[in-house]
Amino acid sequence: MSQMDLTGWLQRYPHCAIFAVALLLVSDSASAQFGYPADVARTRDGVPATVPLQSNFGWGTNTLTPSSLTPNTLTPAYSYASNPDWQLGITVDNTTSGVVVRGVQPRSAAERAGLEAGDIILTVGGFQVGYVDNRLFDVGEEIRRRVDAQGSVRMLVQDLRTGKVNLLSVNLQNVSVSVRGDVVWRNYNSLPPGATLQVRVDNVSRPYQSVGGGILNSYINQNQPVPFELNLDPSYLVATERYQIQAMIRSGDQIIYSTPAPVVIDPTRGSLSNIRLELTPVGVVPAAGTSGGNNYSTAYSTNVNLINDYYQRYLNRTPTQSEMTAWLEYFARGKSEEDLPVTLLSSTEFYERSGSTDARFIDRMFRVVVNRAPSNEETNQWLQKLLRLGPQGRSQVVKEFWKAASPR
Amino acid sequence: MHFEAGSTLEPTSEGRSLRSRLLQFVATTIEGSMSMSRVHFKANASPTIAPHCFRGMRLSMNWVALICFAMSFLVGLTPAHLRAEHELQAIIDSLEPYQAKSVWKGKVVIVGSGSVAGLAEMWSREVKVFHSDAVLEAVGGGSEFGLEHLLTKPEDVAAVTRPLEQADVEKLKSAGMKEPVAIIVGLDALAVFVHPKNPMQSITPDQFRKIYCNSDKFGKCANWGALGLAESFEAKPVVVYDRGASSGTQVYAERYLLQGEKVRADAQNKDSNLAVVDAVAADEGGICIAPLYLKSDKVKALPLAIGERMITADESSILLGQYPLLRPICLVFDRGGKAETVTNIKTMLQYVLSREGQLDAVKAGYFPLNIDQIRQQQDVLGLEMVR
Chain A
12 MSQMDLTGWL QRYPHCAIFA VALLLVSDSA SAQFGYPADV ARTRDGVPAT VPLQSNFGWG
72 TNTLTPSSLT PNTLTPAYSY ASNPDWQLGI TVDNTTSGVV VRGVQPRSAA ERAGLEAGDI
132 ILTVGGFQVG YVDNRLFDVG EEIRRRVDAQ GSVRMLVQDL RTGKVNLLSV NLQNVSVSVR
192 GDVVWRNYNS LPPGATLQVR VDNVSRPYQS VGGGILNSYI NQNQPVPFEL NLDPSYLVAT
252 ERYQIQAMIR SGDQIIYSTP APVVIDPTRG SLSNIRLELT PVGVVPAAGT SGGNNYSTAY
312 STNVNLINDY YQRYLNRTPT QSEMTAWLEY FARGKSEEDL PVTLLSSTEF YERSGSTDAR
372 FIDRMFRVVV NRAPSNEETN QWLQKLLRLG PQGRSQVVKE FWKAASPR
Chain B
218 MHFEAGSTLE PTSEGRSLRS RLLQFVATTI EGSMSMSRVH FKANASPTIA PHCFRGMRLS
278 MNWVALICFA MSFLVGLTPA HLRAEHELQA IIDSLEPYQA KSVWKGKVVI VGSGSVAGLA
338 EMWSREVKVF HSDAVLEAVG GGSEFGLEHL LTKPEDVAAV TRPLEQADVE KLKSAGMKEP
398 VAIIVGLDAL AVFVHPKNPM QSITPDQFRK IYCNSDKFGK CANWGALGLA ESFEAKPVVV
458 YDRGASSGTQ VYAERYLLQG EKVRADAQNK DSNLAVVDAV AADEGGICIA PLYLKSDKVK
518 ALPLAIGERM ITADESSILL GQYPLLRPIC LVFDRGGKAE TVTNIKTMLQ YVLSREGQLD
578 AVKAGYFPLN IDQIRQQQDV LGLEMVR
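From first to last, the protein sequence lines stand for chains A and B.
This note's numbering numbers the first residue of the first sequence as 12 and each following residue consecutively.
This note's numbering numbers the first residue of the second sequence as 218 and each following residue consecutively.
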């Protein structure tokens, strides 16, 4: 069908433009899905791979480098649960011919399945575990990838005593502490597309101590209430410490809804359910006595802009997602804003972007921080300092420069 | 991936995605419908549409189409790029937060790469919250200096920006280290850059070696035509820009990307990575390897074609563990050394491999490991973990 015919056809049936647009929106995602090549290369029948003695760096091995395409804790697009921790209850030795069981914990899923010290786990869910081509496929991570919703997975195990290889179907133990509930928000405006929900459990007694499994990020649409399930790692929970839960809905660099105040919970005595989190739009005056999530909310978008701004000005680029996450969490811990420019100025990248000599580095530092070129005298002064301080003196020089350049 | 001799590498309309073609059709439709008169539209209305729905409305069909077009954006289908962001965030969130499981009392000294010394400063500050008696000192001097230092002071830690070789291990063992191990704590990414006008869509390891060595062993490559490029690029000479024999990037490229072969003799030496990238930006026939973060609009970072896979040079490929052009940042120590020293060093490394430690490395300019790579390092460390 030529382009002209199709255009004419669409003009006669303009409502088909809607279908075309819908197709357009879907095709982007469809091509992304079909574009992913199949997970290849590890043997599915438990035959151990030979290990060539070469580094994985450079181009990797000449055969396809085995890799799992989806990371193990990838949550599907609209799931509102963090992954539970399904455990066998064993300690292991990783070898090139499988994972040797070193110890079996009492009353564990491994004990129930009949695993003993010395048994060798060859595959989990059909995929080889242990060292393959200098690369470790950890049995715990493989279990996380292959376990089904009920917590069972098939493993090929070589029995120590008989030497026979058996296919075991093992029911694993969920060792997480689950915190379940739902989120609602007062719907003054509909949510913009691409809005994300974050639910988080924090340690109040020691705010620097994050809780394993305690953060959940997901896309949401208009439908309320939104159920959530956090699967906390119990090894992070201390009976004498206090915990709280909060949630927020973000769109781009703005927090648009959040819990007016975090809700105190106690996950140290077991799983919790029926926690209802009511989010209010950011900007609403919080009730008397509550601090409101609002300080965090305004700080959040300010921080996003700050981070983008410094990366653009000092490194001529946008920050990667890892970088944005790293600095946002850093500032959320109450750290000083000036640590960001000082760290960027001390980085190898900044040095290289300036031209990889001390003189050019000083010149560029002046230009981006105080908007002018240094005089000859200034350049010499700072060069002397760099010389005196030696190879890692740059970060110290940057700190002194920043202090000197700051308004008094 | 191979290029047929004489074939053009400009994208053809067949090669464009479904998405871009639909975009064009819809755009033409909207334009067309907006320019047509009401009378013309009614004359062409088909009985199968059920136009009775619109008969009472004053709006013309072209405005209906426009409104429907606008409303379709509220349908809420999540675009692919936002889902990719979500997946990336899931990888970052899968790193385990730190919890103090062992004791660190006393001093740990890291000697070697200067940029790791800067990162160690950050670790030192952050880890004090968990271990108030921890002391971490870092000294620069370069990777090789760090390894030399271990020969006289095996209780310290060396920071090197390359993998540890068998020869290094032997040397350290002969100096008295019982179990020298290298723990990878961060990743530095390199990329292959060409001029944006260069029609190459990707590069295979063989093509790379052919270009960079220009030898009998890998094949001669004086012009881009030798790789199958046609038209204006067929006769264009291949110009490799590099750093010269003494630079770390150069040594790394020769050792790991060219498997010990030397870079071609007619390569143009530049004195900095930035100069190398700028040279390629100015030369249509240019090619270079440089740190990935120097990517800009003026150059094209080529995706890598390895086996059947196309791997783009970006954060996503690196976090998924697919991108191979990485320089590992390694901390080398003696796993069989004195118990107290080893406990301190292992505790430090547990912090470094945690979410907090990895995000510190990110702030300092490195890429973090993903959870699979972390598990491997924890295994090398010899940590006992329950599965």
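Using N, Cα and C, we set each Cβ at its ideal position, and we do this for glycine too.
Beta-carbon spacing of residue i, residue j below 8 Å
i        : j        : result
A:Ile286 : A:Gly404 : no
B:Leu353 : B:Val325 : yes
A:Ser357 : B:Gly358 : no
A:Val293 : A:Ile276 : no
B:Glu471 : B:Gly477 : yes
B:Arg604 : B:Pro314 : no
B:Val398 : B:Arg552 : yes
B:Leu474 : B:Val494 : no
A:Pro352 : A:Tyr321 : yes
A:Ser269 : A:Ser308 : yes
B:Ala406 : B:Pro508 : yes
B:Gly554 : B:Pro380 : no
A:Gln184 : A:Ser119 : yes
Nearest-angstrom beta carbon gap, residue j and residue i [assumed within contact, 8 Å]
i        : j        : result
B:Leu305 : B:Ser533 : 6 Å
A:Ala124 : A:Leu178 : Not quite, the Cβ-Cβ distance comes to about 12 Å (not below 8 Å), so this is no contact.
A:Glu127 : A:Val140 : Actually they are not in contact, since the Cβ atoms of A:Glu127 and A:Val140 sit about 18 Å apart, beyond 8 Å.
A:Gly100 : A:Gln116 : 4 Å
A:Leu227 : A:Leu248 : About 17 Å separates the two Cβ atoms, so there is no contact after all.
A:Val103 : A:Val150 : 6 Å
A:Leu394 : A:Ala415 : With a Cβ gap of about 15 Å, A:Leu394 and A:Ala415 do not count as contacting.
B:Gln594 : B:Ile401 : 6 Å
B:Leu444 : B:Gln418 : Contact doesn't hold; Cβ gap of about 12 Å is too wide.
B:Ala337 : B:Ala351 : Incorrect: roughly 12 Å between the Cβ atoms, too far for contact.
Local conformation of residue i per DSSP, three classes
i        : result
B:Lys563 : helix
B:Cys505 : strand
B:Met394 : coil
B:Asp310 : helix
B:Gly331 : helix
B:Pro454 : strand
B:Glu354 : strand
A:Arg399 : helix
A:Ala92  : strand
B:Asp596 : helix
A:Ile231 : coil
A:Asn387 : helix
A:Ser367 : coil
A:Asn105 : strand
B:Gly538 : coil
A:Leu196 : Checking the displayed sequence, the identity of residue 196 of chain A turns out to be Trp instead of Leu. Correct three-state label for A:Trp196: strand.
A:Trp393 : helix
B:Phe584 : strand
B:Tyr315 : coil
B:Glu601 : coil
A:Gln220 : coil
B:Gln476 : coil
According to DSSP, residues forming a beta bridge with residue i
i        : result
A:Gln213 : At residue 213 of chain A the sequence reads Asp, which differs from the Gln that was named. Paired residue(s): A:Gln255.
B:Ile401 : B:Cys547
A:Arg146 : A:Val143
B:Glu557 : Paired residues: none, contrary to the question.
A:Val135 : A:Phe138 and A:Met166
A:Glu127 : Beta-bridge pairing links A:Glu127 to no other residue.
A:Val181 : A:Val164
Closer than 7 Å: residue i CB and nearest the ligand NAP heavy atom
i        : result
A:Gly225 : No copy of the ligand NAP occurs in the structure displayed, which carries no ligand at all.
Check each residue of the stretch 561 to 592 of chain B: if its Cβ is closer than 8 Å to any Cβ of chain A, include it; give the result in chain order.
For the stretch 561 to 592 of chain B, which is checked against every Cβ of chain A, the residues closer than 8 Å are Arg572, Glu573, Leu576, Asp577, Val579, Lys580, Ala581, Gly582, Phe584, Pro585, Asn587, Ile588, Asp589 and Arg592.
Output, in sequence order along the chain, the residues in the stretch 471 to 497 of chain B whose CB is closer than 9 Å to any CB in chain A.
Closer than 9 Å at the C-beta level to chain A, one finds these residues of the stretch 471 to 497 of chain B: Arg472, Tyr473, Leu474, Leu475, Gln476, Asp488, Ser489, Asn490, Leu491 and Ala492.
Contacting positions in the stretch 299 to 317 of chain B - beta carbon closer than 8 Å to chain A
Correct list: Leu299, Arg300, Ala301, Glu302, His303, Glu304, Leu305, Gln306, Ala307, Ile308, Ile309, Asp310, Ser311, Glu313, Pro314, Tyr315 and Gln316.
Using Cβ-Cβ distances below 8 Å, what residues of the stretch 320 to 331 of chain B are close to chain A?
Gly331: these are the residues of the stretch 320 to 331 of chain B whose beta carbon lies less than 8 Å from some beta carbon of chain A, given in chain order.
If you measure beta-carbon to beta-carbon, which residues of the stretch 174 to 194 of chain A are closer than 8 Å to chain B?
Legend: CB atoms of the stretch 174 to 194 of chain A lying less than 8 Å from CB atoms of chain B are not found in any residue.
Could you run through the stretch 153 to 175 of chain A and flag, in chain order, every residue whose CB is less than 8 Å away from some CB of chain B?
Those would be Ile154, in chain order.
Taking a cut of 7 Å between CB atoms, which residues from the stretch 351 to 382 of chain A lie near chain B?
Those residues of the stretch 351 to 382 of chain A placed with their C-beta closer than 7 Å to a C-beta in chain B are Thr354, Ser357, Ser358, Thr359, Glu360, Glu363, Arg364, Gly366 and Ser367, ordered along the chain.
Chain-ordered residues of the stretch 306 to 340 of chain A with a beta carbon less than 8 Å from chain B
Answer set for the stretch 306 to 340 of chain A: Leu326, Asn327, Arg328, Thr331, Gln332, Ser333, Glu334, Thr336, Ala337, Trp338 and Glu340.
Contact list for the stretch 123 to 146 of chain A against chain B, Cβ threshold 8 Å
Within the stretch 123 to 146 of chain A, Arg146 place their CB atoms closer than 8 Å to a CB of chain B, listed in sequence order.
At a Cβ cut of 8 Å, what residues of the stretch 267 to 279 of chain A count as close to chain B, listed as they run along the chain?
Cβ contacts with chain B come from no residue of the stretch 267 to 279 of chain A.
Tell me which residues of the stretch 244 to 265 of chain A have at least one Cβ-Cβ distance to chain B shorter than 9 Å, keeping chain order.
Listed by position along the chain: Asp244, Ser246 and Tyr247.
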